[in-house]
Amino acid sequence: MTSESTGSGGVDGSKADDKAQGSDSKGADSGSTGVQPGVSKTSDAQPAGTGSDGTTPPDSQTGAASAAEAKAAEVKTEAATRGGHGEAAAQDEAAATQDEATATETPAVGTKEPARTNGVTASPPVPAQPAPTQPAPTQPAPTPPVPNAPAPSAELASDVQTLERAIYEVKRVIVGQDRLVERILVGLLARGHVLLEGVPGVAKTLAVETFAKVVGGSFSRVQFTPDLVPTDLIGTRIYRQGREEFDTELGPVVANFVLADEINRAPAKVQSALLEVMAERHVSIGGKRYHMPDPFLVMATQNPIENEGVYPLPEAQRDRFLFKILVDYPSVEEEREIVYRMGVSAPEPHQILGPEELIRLQKVASAVFVHHALVDYVVRLIAATRTPEQLGLHDVKGWIAYGASPRATLGIIAAARALALLRGRDYVVPQDVLEVVPDVLRHRLVLSYDALADEVDADDIITRILQTVGLPQIAAQPVAQPPVQGHPVPAPYQGAQVPVGPNAMSRPR
Numbered sequence: 017m018t019s020e021s022t023g024s025g026g027v028d029g030s031k032a033d034d035k036a037q038g039s040d041s042k043g044a045d046s047g048s049t050g051v052q053p054g055v056s057k058t059s060d061a062q063p064a065g066t067g068s069d070g071t072t073p074p075d076s077q078t079g080a081a082s083a084a085e086a087k088a089a090e091v092k093t094e095a096a097t098r099g100g101h102g103e104a105a106a107q108d109e110a111a112a113t114q115d116e117a118t119a120t121e122t123p124a125v126g127t128k129e130p131a132r133t134n135g136v137t138a139s140p141p142v143p144a145q146p147a148p149t150q151p152a153p154t155q156p157a158p159t160p161p162v163p164n165a166p167a168p169s170a171e172l173a174s175d176v177q178t179l180e181r182a183i184y185e186v187k188r189v190i191v192g193q194d195r196l197v198e199r200i201l202v203g204l205l206a207r208g209h210v211l212l213e214g215v216p217g218v219a220k221t222l223a224v225e226t227f228a229k230v231v232g233g234s235f236s237r238v239q240f241t242p243d244l245v246p247t248d249l250i251g252t253r254i255y256r257q258g259r260e261e262f263d264t265e266l267g268p269v270v271a272n273f274v275l276a277d278e279i280n281r282a283p284a285k286v287q288s289a290l291l292e293v294m295a296e297r298h299v300s301i302g303g304k305r306y307h308m309p310d311p312f313l314v315m316a317t318q319n320p321i322e323n324e325g326v327y328p329l330p331e332a333q334r335d336r337f338l339f340k341i342l343v344d345y346p347s348v349e350e351e352r353e354i355v356y357r358m359g360v361s362a363p364e365p366h367q368i369l370g371p372e373e374l375i376r377l378q379k380v381a382s383a384v385f386v387h388h389a390l391v392d393y394v395v396r397l398i399a400a401t402r403t404p405e406q407l408g409l410h411d412v413k414g415w416i417a418y419g420a421s422p423r424a425t426l427g428i429i430a431a432a433r434a435l436a437l438l439r440g441r442d443y444v445v446p447q448d449v450l451e452v453v454p455d456v457l458r459h460r461l462v463l464s465y466d467a468l469a470d471e472v473d474a475d476d477i478i479t480r481i482l483q484t485v486g487l488p489q490i491a492a493q494p495v496a497q498p499p500v501q502g503h504p505v506p507a508p509y510q511g512a513q514v515p516v517g518p519n520a521m522s523r524p525r
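Letter by letter, the sequence shown follows residues 17 to 525 in my numbering.
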């Protein structure tokens with residue numbers, strides 16, 4: 017078997033021993049005669065077998081590799097002559113020798129040779145293994161800010177914190193009923209009267225009394241009964257014989273907060289006594305007008321019309337309520353908490369607001385920005401309750417006897433503003449409008465006999481209208497930065513005019 021040619025001179029396998037013995041000298045010679053491009057020749061001052069920079073020349077390593085390959089070839093030749101069962105062992109030895117030859121080959125171009133110290137080659141540094149990367153602890157991703165949403169001011173944040181404290185104080189007494197608590201506070205901010213409807217025992221009266229204590233001011237409660245007369249509410253004139261003159265005794269409606277408990281248990285003539293005071297906030301007795309204190313809110317409770325001994329409210333009185341809130345049963349967890357909280361001693365709420373503070377917050381809520389596109393959307397919603405056939409709702413037309421009045425339009429805008437303030441914004445978004453529309457329209461729609469026969473209620477009609485009328489796409493835009501203090505405010509350009517019409521409601525961009 018002929019061995020492979022190795023080195024630069026093509027040495028045969030039969031001379032492998034001589035080649036192995038002279039590999040060192042040939043490696044030294046090749047360092048001066050076979051220098052690769054880019055490598056300087058060995059100088060006299062350097063030790064034998066090293067380059068000009070103190071490193072081993074590449075050709076010297078090539079000679080060592082040639083000797084190892086020659087030795088491997090010799091092992092293969094011996095294996096051929098042995099034959100039989102010794103051939104396998106010889107092949108294993110040849111393979112091991114070949115691995116040594118591969119290990120001594122010239123390193124790739126661009127790698128640094130191991131340095132020699134006093135003729136001894138230093139062991140190359142072991143490359144540092146990259147430490148296994150430990151998985152970083154999972155942290156919740158930060159909530160991205162709303163794109164282009166202006167940051168609330170410090171004054172707005174303080175007002176929102178005050179409202180949250182009031183809600184927290186009410187929640188110390190009222191278990192659950194989150195929507196009820198929020199809607200009552202929205203009604204207070206929007207200067208609107210609130211009507212609560214639910215079966216007996218679901219904390220309607222307790223919620224109103226708790227809010228009256230948290231807000232402060234004068235409070236009166238009127239229990240409506242079938243034998244009540246209008247003068248029991250608004251007051252009357254009493255003749256004093258000693259002075260021979262009439263004195264006016266004002267009724268219980270003259271207070272900041274009036275609780276009309278079980279309002280639908282009194283006949284219509286008694287309920288009609290509240291029309292003037294709820295709409296115009298004053299009463300007329302004996303030809304003289306008496307104004308209500310500010311703030312003035314009527315919060316009424318009633319049972320469903322299916323219960324015995326109740327009278328339906330007149331349409332004119334229902335229209336004067338901003339909200340009609342449906343109060344449902346508490347959940348199982350909430351009812352368990354009611355037992356734990358009320359079983360020993362009911363907590364007593366503390367006053368958080370005051371009449372003056374509530375008036376100021378009402379003014380802040382009335383200044384919340386509403387885009388003209390949202391105003392147009394609300395107007396189209398109310399118009400759809402009057403002429404639903406123009407939107408293709410021909411079946412709804414037969415269910416509505418009378419649609420909502422313009423008072424409903426004003427109520428939706430006022431309630432959306434108050435809800436936006438309660439949620440920390442000084443502008444209204446479409447979601448605010450969508451949330452308050454059912455509570456504002458539920459009691460204002462007068463249904464026909466066809467709706468009663470088809471078992472269709474007001475909420476079903478409102479849902480159909482909301483699904484039909486298109487919602488405008490309104491996005492929050494950043495408000496222009498105010499001028500730096502000390503810089504003059506630029507004057508308007510020549511010929512500038514004050515914007516009027518729908519564009520006047522747009523916030524400067």
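Just so you know, even glycine gets a beta-carbon here, dropped at the ideal spot from N, CA and C.
- Inter-residue distance for residue 213 and residue 473 is about 15 Å (C-alpha atoms, whole angstroms).
- Around the CB of residue 315, 16 or more other CB atoms lie within 10 Å, so the residue is classed as buried.
- The residue among 203, 189, 232 with its C-alpha nearest the C-alpha of residue 373 is 232.
- The Cβ atoms of residue 279 and residue 317 lie closer than 8 Å to each other.
- For residue 261, the enclosing beta strand (DSSP E) stretches over residues 261 to 266.
- The C-alpha of residue 396 lies about 7 Å from the C-alpha of residue 485.
- Secondary structure within the region 288 to 321: the beta strand (DSSP E) runs of 3 or more consecutive residues, fully enclosed, are 298 to 301, 304 to 307, 313 to 318 (chain order).
- Of the candidates 283, 302, 457, 234, 457 places its Cα closest to the Cα of residue 401.
- Annotated three-state conformation of residue 336 is coil, per DSSP.
- By the Cβ rule, the region 216 to 236 does not count as touching the region 282 to 293, because fewer than three pairs are nearer than 8 Å.
- Classified as exposed, residue 366 has fewer than 16 neighbouring CB atoms from the shown chains inside 10 Å of its CB.
- Sequence-distant Cβ neighbours of residue 295 in its own chain, meaning closer than 8 Å and more than five residues away, are 336.
- Counting only the Cα atoms, residue 408 lies some 44 Å from residue 273.
- Here the alpha carbons of residue 431 and residue 281 stand approximately 28 Å from one another.
- Excluding sequence positions up to five before and after residue 330, its CB lies within less than 7 Å of the CB of 284, 287, 288, all in the same chain and listed in chain order.
- Going by beta carbons, residue 334 and residue 302 fall outside the 8 Å limit.
- By a beta-carbon distance limit of 8 Å, residue 459 contacts residue 340. Their separation comes to about 4 Å.
- Residue 219 sits away from residue 197, with the two beta carbons spaced by 8 Å or more.
- With contacts defined as CB atoms closer than 8 Å, residue 462 and residue 482 fail to qualify as a contacting pair.
- From the listed residues 389, 455, 425, 478, the smallest Cα separation to residue 443 is found for 389.
- Separation of residue 425 and residue 434 (C-alpha to C-alpha, rounded to the nearest whole angstrom) is 15 Å.
- In the DSSP assignment, residue 175 falls within the alpha helix (DSSP H) that extends over 170 to 187.
- Counting along the chain, residue 271 sits inside no alpha helix (DSSP H), nor does DSSP assign it H or E at all.
- At the C-beta level, residue 350 and residue 191 come within 8 Å of one another.
- The beta carbon of residue 305 lies closer than 7 Å to those of 298 in the same chain, with the five residues before and after it left out.
- Per DSSP, the beta-bridge partners of residue 213 are 318, 342.
- When DSSP states are grouped into helix, strand and coil, residue 221 belongs to the helix group.
- Secondary structure of residue 382 (DSSP, three-state): helix.
- Going by DSSP, residue 326 is part of no beta strand (DSSP E) at all; its letter is neither H nor E.
- Residue pairing by DSSP puts residue 235 in a beta bridge opposite 273.
- Residues of the same chain with a CB within less than 7 Å of the CB of residue 342, apart from the 5 flanking positions on each side, are 213, 214 in chain order.
- C-alpha of residue 204 to C-alpha of residue 307: approximately 19 Å in a straight line.
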